[in-house]
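Undergrad:
Protein chains: 2
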Amino acid sequence: MSVSAYELSLQMTRTPRLDDRRERLLDAAARLFREHGYERTSVRQLAEAVGILSGSVFHHFSSKEEILLEVMRSTIERMIARLREASDSGAAIEEKLFNLIRAELELLHGPTRDGVAVTFFQWHSLGQDNQRSILSMREDYEKIWLNALEQARKQGLIDTDPFVTRRLLTGANGWTIYWYKADGPLGLDALASQVCQLMLKPASVAESGV
Amino acid sequence: MSVSAYELSLQMTRTPRLDDRRERLLDAAARLFREHGYERTSVRQLAEAVGILSGSVFHHFSSKEEILLEVMRSTIERMIARLREASDSGAAIEEKLFNLIRAELELLHGPTRDGVAVTFFQWHSLGQDNQRSILSMREDYEKIWLNALEQARKQGLIDTDPFVTRRLLTGANGWTIYWYKADGPLGLDALASQVCQLMLKPASVAESGV
DNA sequence: CAGTCTACCAAGCGCTTGCTTGGTTAGCAA
DNA sequence: TTGCTAACCAAGCAAGCGCTTGGTAGACTG
Numbered sequence: 638m639s640v641s642a643y644e645l646s647l648q649m650t651r652t653p654r655l656d657d658r659r660e661r662l663l664d665a666a667a668r669l670f671r672e673h674g675y676e677r678t679s680v681r682q683l684a685e686a687v688g689i690l691s692g693s694v695f696h697h698f699s700s701k702e703e704i705l706l707e708v709m710r711s712t713i714e715r716m717i718a719r720l721r722e723a724s725d726s727g728a729a730i731e732e733k734l735f736n737l738i739r740a741e742l743e744l745l746h747g748p749t750r751d752g753v754a755v756t757f758f759q760w761h762s763l764g765q766d767n768q769r770s771i772l773s774m775r776e777d778y779e780k781i782w783l784n785a786l787e788q789a790r791k792q793g794l795i796d797t798d799p800f801v802t803r804r805l806l807t808g809a810n811g812w813t814i815y816w817y818k819a820d821g822p823l824g825l826d827a828l829a830s831q832v833c834q835l836m837l838k839p840a841s842v843a844e845s846g847v
Numbered sequence: 638m639s640v641s642a643y644e645l646s647l648q649m650t651r652t653p654r655l656d657d658r659r660e661r662l663l664d665a666a667a668r669l670f671r672e673h674g675y676e677r678t679s680v681r682q683l684a685e686a687v688g689i690l691s692g693s694v695f696h697h698f699s700s701k702e703e704i705l706l707e708v709m710r711s712t713i714e715r716m717i718a719r720l721r722e723a724s725d726s727g728a729a730i731e732e733k734l735f736n737l738i739r740a741e742l743e744l745l746h747g748p749t750r751d752g753v754a755v756t757f758f759q760w761h762s763l764g765q766d767n768q769r770s771i772l773s774m775r776e777d778y779e780k781i782w783l784n785a786l787e788q789a790r791k792q793g794l795i796d797t798d799p800f801v802t803r804r805l806l807t808g809a810n811g812w813t814i815y816w817y818k819a820d821g822p823l824g825l826d827a828l829a830s831q832v833c834q835l836m837l838k839p840a841s842v843a844e845s846g847v
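If you read the sequences in order, they're chains H and E. Residue numbers 638 to 847, in the numbering used here, belong to the letters of the first sequence in order. Residue numbers 638 to 847, in the numbering used here, belong to the letters of the second sequence in order.
(1) Check whether the Cβ atoms of Tyr-817/E and His-746/E lie closer than 8 Å to each other.
(2) Starting from the C-beta of Ile-738/H, find all residues in its chain whose C-beta is less than 8 Å away, skip the five residues before and the five after it, and write them out in chain order.
(3) Can you check whether the C-beta of Arg-804/H is within less than 8 Å of a C-beta belonging to chain E?
(4) Could you spell out the range, first to last residue, of the alpha helix (DSSP H) harbouring Phe-735/H?
(5) What beta strand (DSSP E) runs, 3 residues minimum, are completely inside the segment 702–727 of chain E?
(6) Can you say whether Asp-657/H is buried or exposed, counting buried as having 16 or more other CB atoms within 10 angstroms of its CB?
(7) Classify Arg-769/H: buried if its beta carbon has 16 or more other beta carbons within 10 angstroms, exposed otherwise.
(8) Any beta carbon of chain H sitting closer than 8 Å to that of Leu-835/E?
(9) Since Gly-811/E meets chain H, which of its residues come closer than 8 Å, beta carbon to beta carbon?
(10) Using the beta-carbon of each residue, which ones in chain E are nearer than 8 Å to Val-832/H?
(11) To the nearest whole angstrom, what separates the beta carbons of Gln-788/H and Gly-674/H, a pair I think is in contact under 8 Å?
(12) Terminal residues of the continuous alpha helix (DSSP H) containing Gly-811/H?
(13) Using a beta-carbon distance below 8 Å, is Gly-747/E in contact with chain H?
(14) Buried or exposed: where does Ala-684/H fall if 16 or more other Cβ atoms within 10 Å of its Cβ makes it buried?
(15) Comparing C-alpha positions only, which one of Asp-751/E, Arg-659/E, Met-774/E and Glu-731/E sits nearest to Gly-793/E?
(16) Report the three-state DSSP secondary structure of Glu-676/H (helix, strand or coil).
(17) Could you give the DSSP three-state label for Asp-796/E: helix, strand or coil?
(18) Please compile the residues from chain E whose C-beta is within a distance smaller than 7 Å of the C-beta of Trp-816/H.
(19) Near Ala-740/E, which residues of its chain fall below 8 Å by C-beta distance, leaving aside the five closest residues on each side in sequence?
(20) Flag this pair as touching only if the segment 690–698 of chain E and the segment 689–700 of chain H have three or more C-beta atom pairs under 8 Å; answer yes or no.
(21) Return the chain-ordered list of same chain residues with a C-beta closer than 6 Å to the C-beta of Arg-668/H, the five sequence neighbours on each side being excluded.
(22) On the DSSP letters alone, give me the boundaries of the alpha helix (DSSP H) that Thr-749/E sits inside.
(23) Could you give the residue range of the alpha helix (DSSP H) that holds Asp-624/H?
(24) Using the rule of at least 16 other Cβ atoms within 10 Å of the residue's Cβ for burial, across every protein chain shown, is Gly-808/E buried or exposed?
(25) Kindly indicate if chain H contains any beta-carbon less than 8 Å away from that of Arg-883/E.
(26) What distance in whole Å lies between the Cβ atoms of Leu-763/H and Glu-702/H, which are believed to be in contact at a cut-off of 8 Å?
(27) Tell me the DSSP secondary structure of Phe-695/E in three-state form.
(28) May I ask you to report which of helix, strand or coil DSSP gives Glu-644/H?
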């Protein structure tokens with residue numbers, strides 16, 4: 638670099654409105670944590686990504702772990718909002734389940750993918766206390782799932798234990814971040830259909846999209 | 638500790654037969670990597686776990702990454718052997734699929750669980766080259782799966798794409814390490830049955846165990 | 001019984017890490 | 001104009017990291 642981070646920052650408007658920089662730090666953190674993992678991402682790398690020096694990061698966050706925590710916290714909020722939307726929309730339980738699956742896959746592969754991937758797979762990088770607090774936030778998200786699956790079981794659409802089913806589904810969906818390419822030949826709707834086909838008993842699978 | 642690592646090592650038989658210490662290092666590494674993750678496990682911790690000093694580790698391995706690589710390599714060998722056993726044994730394709738699922742769950746929760754968990758979830762801690770080499774080893778393992786699933790599809794037991802199905806199954810099974818307790822109320826056979834029930838189309842699920 | 005080799009210790013090197021400290025600048029309010 | 005504050009830089013500290021080096025004790029070999 639021929640231009641220092643300091644000079645670069647002067648080219649932009651200094652003292653940006655509100656906590657815009659904080660947002661940018663969280664976005665960059667989500668991306669870097671996803672790409673390289675939490676412990677392989679240094680505070681210096683993160684700072685460089687938004688054009689400041691490493692020490693300045695601690696003006697916005699009190700520790701590196703707090704950044705990870707905040708990435709997860711804000712992500713879970715969005716996840717819950719998105720899932721609730723899918724849960725409330727559909728009428729028939731079959732459609733509802735499809736919408737839920739599709740929503741989770743969207744979260745995993747849409748604009749929120751960095752934060753969601755980090756939330757799914759990097760909670761073990763948190764200390765015990767923060768791990769517990771994140772886990773309890775995720776429970777609200779899981780409750781939406783369990784309600785839907787319980788409903789599906791009562792209506793005979795599923796003959797497996799809702800709890801176990803959800804856990805298996807969590808793994809199946811979460812793992813897609815390691816192989817599914819959103820810009821590949823398999824569309825997100827088609828993927829959601831396949832997942833649905835595995836979950837639901839009869840041939841009554843919602844063939845909505847694609 | 639009131640007794641130094643050195644004194645401790647003198648209490649044991651020095652210069653143990655063959656590469657027994659190497660084995661012990663790999664075992665300890667698998668356990669520590671699984672429990673705390675690769676980058677959160679220091680060479681010093683690993684050394685202490687087997688009663689030597691950190692520098693001595695590099696008499697057995699040329700780098701920390703080589704230890705991870707070796708853990709994965711030896712694990713994949715065992716995984717392939719175990720899966721091939723399951724694949725060759727069963728006659729009917731239904732039983733075969735059940736055996737494969739049960740074998741993978743056994744690998745994930747039996748004595749090999751540390752290495753298997755590390756192999757499943759920590760390949761991103763390897764450098765690019767080693768990542769590729771491990772990935773190519775895993776392909777042999779996946780081939781066994783794909784063969785079985787393709788066979789199942791031909792016989793109408795499955796109506797989803799074998800490749801996609803396997804990926805989803807990988808996630809579902811792998812994720813069990815985060816929630817399934819082998820000493821809990823749900824037996825391994827029961828779990829395998831539930832997974833089978835999700836995979837296979839009709840009620841023709843093998844209800845062998847539990 | 002000398003020579004060799006394996007497995008280790010003891011010490012520490014060079015580097016990176018998360019984080020702190022003290023000072024500086026731009027923007028805003030009175 | 002002055003005073004305050006948020007946002008940052010510049011410098012660096014202490015701790016921990018992976019790994020190296022030089023030496024040595026004990027077992028094995030001819």
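Beta carbons are placed, not taken as given, at the ideal position from N, Cα and C, and that holds for glycine.
TA: Taking the coordinates as given:
(1) Taking the second sequence and counting its residues from 1, the one referred to as residue 817/E is at position 180. Taking the second sequence and counting its residues from 1, the one referred to as residue 746/E is at position 109. Against a cut-off of 8 Å, the Cβ pair of His-746/E and Tyr-817/E comes out as a contact.
(2) For this step, residue 738/H is matched to residue 101 along the first sequence. Cβ neighbours of Ile-738/H beyond the five flanking positions: Leu-806, Asn-810, Ala-829, Val-832, Cys-833 and Met-836.
(3) By one-based count along the first sequence, residue 804/H stands at place 167. Yes, contact with chain E.
(4) In the first sequence, counting from the first residue as 1, residue 735/H sits at position 98. Taken as a continuous stretch (DSSP letters only), the alpha helix (DSSP H) holding Phe-735/H covers 730–746.
(5) Taken in chain order, the segment 702–727 of chain E contains no complete beta strand (DSSP E) segment of 3 residues or longer.
(6) Sequence index remark: in the first sequence, residue 657/H carries index 20 (1-based). Exposed, by the Cβ-count rule.
(7) Within the first sequence, numbered from 1, the residue matching residue 769/H stands at position 132. Arg-769/H is exposed by the Cβ-count criterion.
(8) The residue labelled residue 835/E in the question sits at position 198 within the second sequence. Answer yes: the Cβ-Cβ gap between Leu-835/E and chain H drops below 8 Å somewhere.
(9) Against the second sequence, residue 811/E aligns to sequence position 174. Simply Gly-808 and Trp-812.
(10) If you number the first sequence from 1, residue 832/H lands on position 195. What Val-832/H touches in chain E: Leu-805.
(11) Within the first sequence, the letter at position 151 stands for residue 788/H. Within the first sequence, the letter at position 37 stands for residue 674/H. Contact between Gln-788/H and Gly-674/H fails: their C-beta atoms lie close to 37 Å from each other, not under 8 Å.
(12) On the first sequence, position 174 is the one that residue 811/H refers to. Unbroken alpha helix (DSSP H) run through Gly-811/H: 799–812.
(13) The sequence position of residue 747/E within the second sequence is 110, counting from 1. Contact of Gly-747/E with chain H is not assigned, every C-beta pair being separated by 8 Å or more.
(14) Taking the first sequence and counting its residues from 1, the one referred to as residue 684/H is at position 47. Per the 10 Å Cβ criterion, buried.
(15) Position 156 of the second sequence, counted from the first residue, corresponds to residue 793/E. With distances taken between Cα atoms, Gly-793/E lies closest to Glu-731/E.
(16) As a first step, residue 676/H is located in the first sequence; it is residue number 39 there, counting from the start. In this structure, Glu-676/H counts as coil in the three-state DSSP scheme.
(17) The residue given as residue 796/E occupies position 159 in the second sequence. Residue state, collapsed to three classes: coil.
(18) One-based indexing of the first sequence puts residue 816/H at position 179. For Trp-816/H, the neighbours in chain E by C-beta distance under 7 Å run, in chain order, Arg-804.
(19) As a first step, residue 740/E must be located in the second sequence, where it is residue number 103. The beta carbon of Ala-740/E sits closer than 8 Å to those of Arg-719, Leu-720, Glu-722 and Ala-723, all from its chain and outside the five residues before and after it, given in chain order.
(20) At 8 Å Cβ cutoff, the stretches do not touch.
(21) If you number the first sequence from 1, residue 668/H lands on position 31. Shown here for Arg-668/H: same chain residues with a beta carbon closer than 6 Å to its own, the five before and five after excluded, namely Asp-751 in chain order.
(22) In the second sequence, the residue the question calls residue 749/E occupies position 112. Looking at the DSSP string, Thr-749/E is not in any alpha helix (DSSP H), and its letter there is neither H nor E.
(23) Here chain H covers residues 638 to 847 and nothing more, so residue 624/H does not appear.
(24) The count along the second sequence starts at 1 and reaches residue 808/E at position 171. Buried.
(25) No information on residue 883/E is available, as it lies outside the stretch 638 to 847 that chain E covers here.
(26) For the purposes of this step, residue 702/H is taken as the residue at position 65 of the first sequence. For the purposes of this step, residue 763/H is taken as the residue at position 126 of the first sequence. Cβ atoms of Glu-702/H and Leu-763/H come within 8 Å of each other, at about 6 Å.
(27) For the purposes of this step, residue 695/E is taken as the residue at position 58 of the second sequence. Residue state, collapsed to three classes: helix.
(28) Position 7 of the first sequence, counting from 1, holds the residue named residue 644/H. Reliability fails at Glu-644/H, whose pLDDT of 37 lies under 50, so the model's placement of it is uncertain and no value is given.
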